[in-house]
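Colleague:
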Amino acid sequence: MKKVKVGIIGPGNIGTDLMYKVMRSKNLEMYMMAGIYESEGLKRAAKLGFKTSIEGVKAIVKEPEIKIVFDATSAKAHEVNAPLLKKAGKIAIDMTPAAVGPYVVPCVNLDKLTFENNFNMVTCGGQATVPIAYAINEVADSSYTEIVSCISSKSAGPGTRANIDEFTQTTAKALEKVGGADKGKAIIILNPADPPLLMSNTIYSIVKHPDEKKIIESVEKMVSKVQAYVPGYRFRVPPIVEGNKVTVIVEVEGAGDFLPKYSGNLDIINAAAVSVAEKLVQGMTTEGVDNSGKAEN
1 MKKVKVGIIG PGNIGTDLMY KVMRSKNLEM YMMAGIYESE GLKRAAKLGF KTSIEGVKAI
61 VKEPEIKIVF DATSAKAHEV NAPLLKKAGK IAIDMTPAAV GPYVVPCVNL DKLTFENNFN
121 MVTCGGQATV PIAYAINEVA DSSYTEIVSC ISSKSAGPGT RANIDEFTQT TAKALEKVGG
181 ADKGKAIIIL NPADPPLLMS NTIYSIVKHP DEKKIIESVE KMVSKVQAYV PGYRFRVPPI
241 VEGNKVTVIV EVEGAGDFLP KYSGNLDIIN AAAVSVAEKL VQGMTTEGVD NSGKAEN
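The letter at position 109 of the sequence shown is residue 109 when you use the UniProt record's numbering, and the numbering goes up by one with no holes.
1. Please classify residue 298 as buried or exposed, where buried requires at least 16 neighbouring CB atoms within 10 angstroms.
2. In terms of residue numbering, what span does the beta strand (DSSP E) encompassing Gly184 cover?
3. Look at Val100 and Glu79 and say whether their C-beta atoms are less than 8 Å apart.
4. Could you tell me if Met23 is buried or exposed, where buried requires 16 or more neighbouring beta carbons within 10 angstroms of its beta carbon?
5. Do Gly41 and Gly12 count as a contact pair if the criterion is CB distance below 8 Å?
6. So Asp71 is in the beta strand (DSSP E); what residue range does that whole segment cover?
7. Please report how far the alpha carbon of Lys261 lies from the alpha carbon of Pro106, in whole angstroms.
8. With a threshold of 8 Å, are at least 3 pairs of Cβ atoms found where one atom belongs to the segment 89–100 and the other to the segment 26–42?
9. Helix, strand or coil for Phe167? Go by DSSP, reduced to three states.
10. Could you tell me the distance, in whole angstroms, from the CA atom of Gly184 to the CA atom of His209?
11. Going residue by residue through the segment 85–149, where are the continuous alpha helix (DSSP H) segments of at least 4 residues, counting only ones entirely within it?
12. Count the other C-beta atoms from every protein chain shown that fall within 10 angstroms of the C-beta of Glu220, then say buried if there are 16 or more, exposed otherwise.
13. Exposed or buried, Gly293, counting other C-beta atoms within 10 Å across all chains shown (16 or more means buried)?
14. Identify whether Arg24 lies in helix, strand or coil by the three-state DSSP scheme.
15. Along the chain, where does the beta strand (DSSP E) containing Val61 start, and where does it finish?
16. Alpha carbon to alpha carbon, how far is Asn27 from Leu18? Give it in angstroms, no decimals.
17. Run the CB neighbour count on Ser53, radius 10 Å, all protein chains shown included, and call it buried at 16 or more, exposed below.
18. Look up Gly7 in the DSSP assignment and give the residues it is bridged to.
19. May I have the straight-line CA-CA distance separating Met30 from Lys5, to the nearest angstrom?
20. Output needed for Arg44: all residues of its chain with C-beta closer than 7 Å, excluding positions within five of it in sequence on either side, in chain order.
21. Considering Pro158, what are the terminal residues of the beta strand (DSSP E) in which it resides?
22. Any idea if Lys112 is buried or exposed, counting beta-carbon neighbours within 10 angstroms, 16 or more meaning buried?
23. Determine the extent of the alpha helix (DSSP H) in which Met222 is found, giving its start and end residues.
24. Name the one or two DSSP bridge partners that Tyr204 has.
25. Would you give the residue range spanned by the alpha helix (DSSP H) that residue 316 belongs to?
26. Under three-state DSSP, which class holds Val230?
27. May I ask which residues mark the beginning and end of the beta strand (DSSP E) holding Lys51?
28. How would you call Ile164, buried or exposed, if buried means at least 16 neighbouring beta carbons within 10 angstroms?
29. Nearest CA to the CA of Arg234: which residue from Glu65, Lys2, Cys150 and Glu251?
30. Just the Cα atoms here: how many angstroms apart are Asn120 and Gly7?
31. By alpha-carbon positions, which one of Arg161, Phe115 and Thr123 ends up nearest to Lys279?
In structure tokens form, the structure reads like this:
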């Protein structure tokens, strides 16, 4: 299979870790890293032999060979970048909570989506909790799901901190639209503990059909699905069913590609994004790709 060239906008922690994950891919080829000023991330990409630019999205759209673009900037920046990438015929994988395109949680709904030019990776908390919310709802019908994502403050960069409001709003909506809950709520906590702790996610659901056996089986199967692309995803507290309330706690240990292993919050969204890109490449191979990067009918 011929590799598909990709570009990354945003050479910060997320973008740099993405670069290393793309380098390990059998189907993706790292081609360009773009930012808006000379940074350590750009210097690192240049040393590895990749094209770099300080023209941001403008540089990416000028490269016809790039078919898939990871946007690791900010929600506000992606709202500007999205139409430019679409006009250039490139597929955008949005790492921000901008939610320009449909929410994508690979193990839950990627196979159900029709071809799109923009895929939103929700949030790190969304990637960690929506699968569990979905698994619970599938067998027990959730009327309300609330999640609390606790991450190390050292793994929360400027982008994460600037998007706190967007994080809570986008994650809550994803719990409803993808997770299936009638009502969703999301909370994020930046934990200053030193040494830093692993990302921990608590999922609370109020369900209409509290069948303990079915809930446990469904959630266990879902954890295995997530582990296929995030090996460090695991139970901290397996499902507890008390009346109509279900509680699950999962933690995420990062792969350590570039970021410390405690940065599971960044690792899970990056791993999910790369898995989406891999799936898109497979679709390109089976359906064909025109010169604009769009799948042919």
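Even glycine gets a Cβ: it sits at the ideal position worked out from N, Cα and C. This one's a predicted model, so the numbers in the text were calculated from it and none came from an experiment.
Modeller: Here's the rundown:
1. Since the first residue shown for the chain is 1 and the last is 297, residue 298 is missing from the structure and cannot be characterised.
2. Locating residue 184 in the sequence shown gives position 184, counting from the first residue. Taken as a continuous stretch (DSSP letters only), the beta strand (DSSP E) holding Gly184 covers Gly184 to Asn191.
3. The residue you call residue 100 lines up with position 100 of the sequence shown. The residue you call residue 79 lines up with position 79 of the sequence shown. A contact, by the Cβ cut-off of 8 Å.
4. By 1-based counting over the sequence shown, the position of residue 23 is 23. With fewer than 16 Cβ atoms within 10 Å of its Cβ, Met23 is classed as exposed.
5. Within the sequence shown, the letter at position 12 stands for residue 12. Within the sequence shown, the letter at position 41 stands for residue 41. In this structure, Gly41 lies closer than 8 Å to Gly12 by Cβ.
6. Counted from its first residue, the sequence shown places residue 71 at position 71. Counting along the chain, the beta strand (DSSP E) containing Asp71 begins and ends at Ile68 to Asp71.
7. The count along the sequence shown starts at 1 and reaches residue 261 at position 261. The count along the sequence shown starts at 1 and reaches residue 106 at position 106. Their backbone Cα atoms lie some 22 Å apart in a straight line.
8. no
9. Taking the first residue of the sequence shown as position 1, residue 167 is located at position 167. Phe167 falls in the helix class under three-state DSSP.
10. The count along the sequence shown starts at 1 and reaches residue 184 at position 184. The count along the sequence shown starts at 1 and reaches residue 209 at position 209. Using only the alpha carbons, I get a separation of about 18 Å.
11. 106–109 and 124–140
12. Residue 220 sits at position 220 when you count from the first residue of the sequence shown. Answer is exposed; the Cβ neighbour count stays below 16.
13. Here residue 293 refers to the residue found at position 293 of the sequence shown. The pLDDT assigned to Gly293 is 41, lower than 50, so where the model puts this residue is not dependable; a value taken from the coordinates is nonetheless given after this. Buried, since its Cβ has 16 or more Cβ neighbours within 10 Å.
14. For the purposes of this step, residue 24 is taken as the residue at position 24 of the sequence shown. Arg24 falls in the coil class under three-state DSSP.
15. In the sequence shown, the residue the question calls residue 61 occupies position 61. Looking at the DSSP string, Val61 is not in any beta strand (DSSP E); the run it does join, the alpha helix (DSSP H), is Val57 to Val61.
16. Here residue 18 corresponds to residue number 18 of the sequence shown, with the count starting at 1. Here residue 27 corresponds to residue number 27 of the sequence shown, with the count starting at 1. Approximately 14 Å, taken between the alpha carbons.
17. Taking the first residue of the sequence shown as position 1, residue 53 is located at position 53. Flag for Ser53 reads buried.
18. Taking the sequence shown and counting its residues from 1, the one referred to as residue 7 is at position 7. Met32 and Val69, per the DSSP bridge assignment.
19. Mapped onto the sequence shown, residue 30 falls at position 30. Mapped onto the sequence shown, residue 5 falls at position 5. Computed Cα separation, rounded: 6 Å.
20. Taking the sequence shown and counting its residues from 1, one reaches residue 44 at position 44. Same-chain partners within the cutoff: Thr16.
21. In the sequence shown, counting from the first residue as 1, residue 158 sits at position 158. Counting along the chain, Pro158 falls outside any beta strand (DSSP E), though it belongs to the alpha helix (DSSP H) covering Pro158 to Ala162.
22. By 1-based counting over the sequence shown, the position of residue 112 is 112. Lys112 should be labelled exposed.
23. Residue 222 sits at position 222 when you count from the first residue of the sequence shown. Note, Met222: alpha helix (DSSP H), Glu212 to Gln227.
24. Reading the sequence shown from its first residue, position 204 is the one you call residue 204. Looking at the DSSP assignment, Tyr204 forms a beta bridge with Glu146 and Thr247.
25. Only positions 1 to 297 of the chain appear in the structure, and residue 316 is not among them; the question remains open.
26. Working through the sequence shown from its first residue, we reach residue 230 at position 230. Val230 falls in the coil class under three-state DSSP.
27. Indexing the sequence shown from 1 puts residue 51 at position 51. It spans Lys51 to Ser53 - the beta strand (DSSP E) in which Lys51 sits, taken as one unbroken run.
28. On the sequence shown, position 164 is the one that residue 164 refers to. It counts as exposed.
29. Mapped onto the sequence shown, residue 234 falls at position 234. When only C-alpha atoms are compared, the closest one is Glu251.
30. Residue numbering aside, residue 120 sits at position 120 when the sequence shown is read from its first letter. Residue numbering aside, residue 7 sits at position 7 when the sequence shown is read from its first letter. Cα-Cα distance, rounded: 16 Å.
31. By 1-based counting over the sequence shown, the position of residue 279 is 279. The shortest Cα separation from Lys279 among Arg161, Phe115 and Thr123 belongs to Phe115.
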